[in-house]
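Chemist:
In the numbering used here, the protein residues as written are 25 to 254.
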């Protein structure tokens, strides 16, 4: 009877071993695809960077830690992004998403900018790298100041495509200051009216403020909605 049981068990053992082998082969294949897919690696690095910067702050974050979490080598991170500063700027969602939010009719630009900002900040669960950057800037971190300036230059390039150079130079710094102030009050200090209002109310008021700023350089009239004021 023992011999018969062993014989009966053999097919199951063989099947299990075969399944295990198939899984190992699939895992190895996935790893090879991971190594060969530059876009997959880039997205993995950006996702890891966002988490590390948010958790540790800009100064304490390292490229090696980001590489470890992304499952890639330190050299690959450097190959894709060069420096920690360049990686940070790429990992901040605002600088990457602004072009998508800004695309569309000029008349509804304030609504799209406000909606994109609120959606990003409300769903980041405190992991947006901009929060870490602003926390560092509070303690007079020179690197944070340089990064904030770099971020503003990046966003200004997007606005220039829509508003033109003169209008952008006039209004972009005030728009950036408005969003930085809202970010600090609602998501860092978490105190006062901005912190207490609902996301929908915040979006509505932010739309009004952005429209008022843009109205100083842009005509929102239906018959001239595509032309910055000269």
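Each residue gets a CB set at the ideal place from its N, CA and C atoms; glycine is no exception.
Do you know how far the Cα of residue 106 is from the Cα of residue 142?
Modeler: In a straight line, the C-alpha of residue 142 is about 30 angstroms away from that of residue 106.
Chemist: Comparing C-alpha positions only, which one of 157, 178, 227, 108 sits nearest to residue 256?
Modeler: The question about residue 256 has no answer here: the residues shown for the chain are numbered 25 through 254.
Chemist: Please say whether residue 131 and residue 208 have beta carbons closer to each other than 8 angstroms?
Modeler: No; because the gap between Cβ atoms is not below 8 angstroms, this pair is not in contact.
Chemist: Output yes or no for whether 8 angstroms exceeds the beta carbon distance between residue 187 and residue 242.
Modeler: Taking 8 angstroms as the Cβ cut-off, residue 187 and residue 242 qualify as a contacting pair.
Chemist: If distances are taken between C-alpha atoms only, which option among 217, 100, 206 comes closest to residue 61?
Modeler: Among 217, 100, 206, the Cα nearest to that of residue 61 belongs to 100.
Chemist: Residue 177 lies in the alpha helix (DSSP H); which residues open and close that run?
Modeler: Here the alpha helix (DSSP H) through residue 177 covers 166 to 187.
Chemist: Consult DSSP for residue 242 and reduce its assignment to one of helix, strand or coil.
Modeler: In the structure shown, residue 242 sits in a strand (DSSP, three-state: E or B).
Chemist: Does the beta-carbon distance from residue 157 to residue 148 come in below 8 angstroms?
Modeler: Not a contact, by the Cβ cut-off of 8 angstroms.
Chemist: Do the CB positions of residue 133 and residue 123 come within less than 8 angstroms of each other?
Modeler: Against a cut-off of 8 angstroms, the Cβ pair of residue 123 and residue 133 comes out as no contact.
Chemist: Which of helix, strand or coil does DSSP assign to residue 228?
Modeler: Helix at residue 228.
Chemist: What's the gap between the Cα of residue 104 and the Cα of residue 180?
Modeler: Roughly 24 angstroms separates the two Cα atoms.
Chemist: Would you report the Cα separation of residue 238 and residue 195, rounded to the nearest angstrom?
Modeler: Looking at the two C-alpha atoms, the distance is approximately 7 angstroms.
Chemist: So the alpha helix (DSSP H) residue 105 belongs to, where does it begin and stop?
Modeler: Here the alpha helix (DSSP H) through residue 105 covers 98 to 105.
Chemist: With residue 102 and residue 87 assumed to form a contact (beta carbons below 8 angstroms), what rounded beta-carbon distance in angstroms separates them?
Modeler: Between residue 87 and residue 102 the Cβ distance is about 7 angstroms, and since that is below 8 angstroms, they are a contact.
Chemist: CA-CA distance, residue 72 and residue 216?
Modeler: Between residue 72 and residue 216, the C-alpha separation is close to 32 angstroms.
Chemist: In angstroms, rounded to a whole number, what distance separates the CA positions of residue 67 and residue 79?
Modeler: The alpha-carbon atoms of residue 67 and residue 79 are separated by roughly 19 angstroms.
Chemist: Tell me, to the nearest whole angstrom, how far the beta carbon of residue 146 is from that of residue 223; I am working on the premise that it is less than 8 angstroms.
Modeler: Sure, about 5 angstroms apart at Cβ, within 8 angstroms.
Chemist: Keeping to the same chain, check which residues put their C-beta closer than 8 angstroms to that of residue 218; ignore five residues upstream and five downstream.
Modeler: For residue 218, where only same-chain residues beyond five positions count, the Cβ hits under 8 angstroms are 206, 209, 210, 226.
Chemist: Excluding the five sequence neighbours on either side, which residues of its own chain have a C-beta within less than 6 angstroms of the C-beta of residue 183, listed in chain order?
Modeler: Cβ neighbours of residue 183 beyond the five flanking positions: 192, 196.
Chemist: Determine, using beta carbons only, whether residue 92 and residue 75 come nearer to each other than 8 angstroms.
Modeler: Going by C-beta atoms, residue 92 is not nearer than 8 angstroms to residue 75.
Chemist: I'd like the span of the alpha helix (DSSP H) that includes residue 144, first residue to last.
Modeler: 133 to 147 is the extent of the alpha helix (DSSP H) around residue 144.
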